[in-house]
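One structure is given below, encoded as structure tokens.
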Amino acid sequence: MRWSDIRGAICIAVKDMKTYYLKPPAISWGIVFPVSWIAAFYLRNPRDFTELVPGLVAMTILFSTTAAEAVVINFELRMGSLERLLLAPISPKAVLLGKVLGGTAFGFIMSAVVAAGASAILGLRPNVFYLLVIMSLSLVVFSSLGALVCVMVREVFEAQTLLNLPRFLMVFVSGVVYPVSGMPVVLQFFSRIMPLTYVVEGLRSAFGVARPATIMVDVGMLTVFLVLYLIPAMRLLERKFE
Amino acid sequence: MTKEHSAPVIRVDGLTKKYEDRVAVGGITFSVNGGEVFGFLGPNGAGKTTTIRMLTGLSKPTSGNASIFGFDVRTDIVEAKRYIGVVPEISNLYEDLTAMDNLLFMGQLYGLPRNRRREKAEELLNTFGLYERRGDLFRRFSRGMKRALTISAALIHDPDILFLDEPTVGLDVVAARSLRTLVARLRDFGITVFLTTHYLEEADLLCDRVAILVKGRIVDIGTPSELKSQVQREPAIDIGFARAVPDAARRLSAALPGLRIIEADDARFRIYGGEPSYVLARALDFENDCGIRLETINTVRPTLEDAFMKIAGMGPSVLLMEKGGKNR
Numbered sequence: 426m427r428w429s430d431i432r433g434a435i436c437i438a439v440k441d442m443k444t445y446y447l448k449p450p451a452i453s454w455g456i457v458f459p460v461s462w463i464a465a466f467y468l469r470n471p472r473d474f475t476e477l478v479p480g481l482v483a484m485t486i487l488f489s490t491t492a493a494e495a496v497v498i499n500f501e502l503r504m505g506s507l508e509r510l511l512l513a514p515i516s517p518k519a520v521l522l523g524k525v526l527g528g529t530a531f532g533f534i535m536s537a538v539v540a541a542g543a544s545a546i547l548g549l550r551p552n553v554f555y556l557l558v559i560m561s562l563s564l565v566v567f568s569s570l571g572a573l574v575c576v577m578v579r580e581v582f583e584a585q586t587l588l589n590l591p592r593f594l595m596v597f598v599s600g601v602v603y604p605v606s607g608m609p610v611v612l613q614f615f616s617r618i619m620p621l622t623y624v625v626e627g628l629r630s631a632f633g634v635a636r637p638a639t640i641m642v643d644v645g646m647l648t649v650f651l652v653l654y655l656i657p658a659m660r661l662l663e664r665k666f667e
Numbered sequence: 004m005t006k007e008h009s010a011p012v013i014r015v016d017g018l019t020k021k022y023e024d025r026v027a028v029g030g031i032t033f034s035v036n037g038g039e040v041f042g043f044l045g046p047n048g049a050g051k052t053t054t055i056r057m058l059t060g061l062s063k064p065t066s067g068n069a070s071i072f073g074f075d076v077r078t079d080i081v082e083a084k085r086y087i088g089v090v091p092e093i094s095n096l097y098e099d100l101t102a103m104d105n106l107l108f109m110g111q112l113y114g115l116p117r118n119r120r121r122e123k124a125e126e127l128l129n130t131f132g133l134y135e136r137r138g139d140l141f142r143r144f145s146r147g148m149k150r151a152l153t154i155s156a157a158l159i160h161d162p163d164i165l166f167l168d169e170p171t172v173g174l175d176v177v178a179a180r181s182l183r184t185l186v187a188r189l190r191d192f193g194i195t196v197f198l199t200t201h202y203l204e205e206a207d208l209l210c211d212r213v214a215i216l217v218k219g220r221i222v223d224i225g226t227p228s229e230l231k232s233q234v235q236r237e238p239a240i241d242i243g244f245a246r247a248v249p250d251a252a253r254r255l256s257a258a259l260p261g262l263r264i265i266e267a268d269d270a271r272f273r274i275y276g277g278e279p280s281y282v283l284a285r286a287l288d289f290e291n292d293c294g295i296r297l298e299t300i301n302t303v304r305p306t307l308e309d310a311f312m313k314i315a316g317m318g319p320s321v322l323l324m325e326k327g328g329k330n331r
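Going down the list, the sequences are from chains A and B.
If you're matching positions, the first sequence starts at 426 in this note's numbering and goes up one per residue.
If you're matching positions, the second sequence starts at 4 in this note's numbering and goes up one per residue.
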């Protein structure tokens with residue numbers, strides 16, 4: 426990737442932040458939904474809430490990034506303005522990367538607020554290095570997943586609906602609210618092919634809820650998922666304009 | 004005034020685009036010289052936009068070759084894009100950015116230094132009369148203003164070639180006229196303009212050369228004069244009376260023996276085959292005989308529309324449908 430591609434991708438991400446972050450679908454799915462879940466779990470069981478913080482931060486990352494991707498990609502597909510980006514002297518890969526960075530930044534703001542707020546309120550002392558590594562990687566992974574799904578469809582509502590399938594499946598089998606080790610074996614198997622499982626595990630290590638023994642495995646698996654989502658998403662965008 | 008054009012800047016050879024079994028563009032070959040306004044004329048669905056999309060990297064050719072300044076559109080399209088600006092048929096800038104922010108963003112994408120892009124954006128906003136509205140969101144603009152800003156965005160990096168896809172569709176008469184003036188100015192600045200349109204009078208006014216595209220194939224190419232000269236030069240004269248002439252067809256045939264007369268309505272007629280001086284003299288005699296004032300008399304010259312209909316093998320009704328197909 427050339428310098429002009431990297432510069433273009435950053436320009437696109439910054440433009441997306443200015444343009445789309447306050448769009449209703451980004452707010453409802455990216456902010457209201459995870460905040461409602463957090464509030465619901467806190468009200469139900471405030472004493473053991475600390476245990477749930479890693480899972481809820483992971484869920485915030487998942488929903489905020491994918492919701493933002495649906496907005497930054499599908500609004501532009503519908504309006505035809507994505508073509509403007511493809512007419513610029515940058516590669517389609519750079520355009521997709523810019524879109525992924527736009528979702529990543531939105532997810533970072535949301536998840537950083539949740540992680541910092543929870544730490545301050547509950548007096549948690551997370552390992553900041555681990556936290557940043559896992560958060561950064563998972564933000565890009567889920568933005569790429571969002572991009573992969575969103576380039577397949579045209580409308581924002583189609584993208585959000587389609588995204589709900591992997592999102593809700595992951596929320597229920599990846600240890601967000603219930604530990605994977607306590608699930609039936611079949612579900613445990615499913616949880617191992619879900620990226621959110623490794624995000625929850627990594628964040629549990631970062632928040633000191635679990636020992637950091639598996640963090641390198643989590644990083645490795647998330648890197649694999651990143652490749653599995655990002656490269657096909659780039660290829661799909663290119664094929665869309667063939 | 005005849006303008007000297009330099010070597011070809013766009014070369015197209017056997018360019019083809021197929022969507023499954025349907026051929027959208029079927030092996031077209033042409034070149035566009037530097038500094039000329041080149042028109043792509045054709046009815047809706049002829050393949051004009053598909054051709055532009057292939058030349059600008061938005062669609063991959065199924066076969067054939069095309070290059071811009073020697074850069075192959077298949078392999079070096081990113082490099083080629085530095086030299087081109089594109090105004091798509093739909094004004095597709097960002098609804099939630101202001102006019103100024105839209106232009107600055109486009110300048111950023113093309114790698115213009117910060118000072119230069121602001122300077123250029125201000126210059127373009129002034130040129131298009133939008134400077135006072137620079138802080139307004141794109142979505143608050145009228146259709147004509149959106150079009151103007153979309154063209155500004157395509158010019159932000161001083162392209163050598165400007166692709167204009169149906170530039171006046173959706174514009175009111177005044178905005179369409181301003182745009183035509185602008186295209187003429189671009190030519191004066193040495194910018195090559197590749198224009199698609201199905202408004203024949205627009206192509207006639209603006210283009211140095213025109214290619215006529217029908218069902219994905221170029222059926223003729225040349226200057227508007229060359230194309231018009233292919234239409235049979237049978238003299239034709241339009242005459243119009245102040246009110247309806249009773250039994251007009253029979254009486255006019257008697258007054259102008261041997262000439263072919265077509266009635267537009269009871270008061271207006273087109274007369275083929277007679278020299279203007281002869282028809283004028285007989286028409287004045289007819290005015291005296293029937294006592295109805297002769298109001299208009301015009302010689303009819305072949306238009307690009309006549310040429311298009313002949314070359315493309317289309318009847319007037321088909322062309323009227325094409326014109327009505329998109330609102331102006």
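Quick reminder that beta carbons are idealized off the backbone N, C-alpha and C, glycines included.
Is the shortest distance between the beta-carbon of residue i and the beta-carbons of chain B less than 9 Å?
i        : result
A:Ala451 : no
A:Ala464 : no
A:Ala513 : yes
A:Cys575 : no
A:Ser599 : no
A:Ile437 : yes
A:Met426 : no
A:Ser416 : Because chain A spans 426 through 667 in this model, residue 416 of chain A falls outside it and cannot be assessed.
A:Lys524 : no
A:Leu662 : no
A:Phe531 : no
A:Arg432 : yes
A:Arg509 : yes
Go ahead and pull the three-state DSSP assignment for residue i.
i        : result
A:Asn470 : coil
A:Gly480 : helix
B:Ala187 : helix
B:Ser34  : strand
A:Phe597 : helix
B:Gly114 : coil
A:Val634 : coil
A:Tyr445 : helix
B:Asn291 : helix
B:Asn47  : coil
Can you confirm whether residue i, when its beta carbon is compared against all beta carbons of chain A, has any partner nearer than 9 Å?
i        : result
B:Ser78  : Sequence check: residue 78 of chain B is Thr here, not Ser. Chain A, which has no Cβ nearer than 9 Å to the Cβ of B:Thr78, makes this no.
B:Asn95  : yes
B:Gly219 : no
B:Leu112 : yes
B:Ser9   : no
B:Lys326 : Confidence in B:Lys326 is poor, its pLDDT being 49 and thus under 50, which makes the residue's placement unreliable; the coordinate value appears in the next sentence. B:Lys326 does not count as touching chain A.
B:Glu98  : yes
B:Ser232 : no
B:Met109 : yes
B:Lys123 : no
B:Leu59  : The identity of residue 59 of chain B in the sequence shown is Thr, whereas the question assumes Leu. Output row for B:Thr59: interface = yes.
Please report how far the alpha carbon of residue i lies from the alpha carbon of residue j, in whole angstroms.
i        : j        : result
A:Pro517 : A:Met659 : 7 Å
B:Val104 : B:Arg120 : Looking at the sequence provided, one finds Asp at residue 104 of chain B rather than Val. C-alpha separation (whole angstroms): 11 Å.
B:Gly30  : B:Glu122 : 43 Å
B:Thr226 : B:Leu133 : 35 Å
A:Glu580 : B:Gln233 : 49 Å
B:Ala214 : B:Val303 : 24 Å
A:Gln585 : B:Phe311 : 48 Å
B:Arg150 : A:Glu626 : 52 Å
A:Phe428 : B:Thr195 : Residue identity check: residue 428 of chain A is Trp in the sequence provided, not Phe. Each residue's alpha carbon lies about 29 Å from the other.
B:Ser1   : B:Ile265 : For chain B, the structure presents residues 4 to 331; residue 1 of chain B sits outside this window and is missing.
A:Leu653 : B:Phe197 : 41 Å
A:Val439 : B:Gln111 : 11 Å
B:Gly60  : B:Thr78  : 10 Å
B:Val26  : A:Ser568 : 37 Å
A:Leu557 : A:Val566 : 14 Å
Is the closest heavy atom of the ligand ZN to the C-beta of residue i under 8 Å?
i        : result
A:Tyr446 : This structure does not include the ligand ZN; it has no bound ligands of any sort.
Can you check DSSP and say which residues form a bridge with residue i?
i        : result
A:Tyr603 : None, per the DSSP bridge assignment.
B:Ala69  : B:Val15
B:Ile164 : B:Ile87, B:Thr195
A:Arg617 : Answer is none; A:Arg617 lacks a bridge partner.
B:Asp3   : Past the edges of chain B, shown from 4 to 331, lies residue 3 of chain B, and the structure says nothing about it.
B:Lys20  : B:Val28
A:Tyr654 : In the DSSP output, where bridge partners are listed per residue, A:Tyr654 has none listed.
Along the chain, which unbroken stretches of the alpha helix (DSSP H) at least 4 residues long are found entirely within the region 206 to 272 of chain B? 227 to 232, 251 to 258
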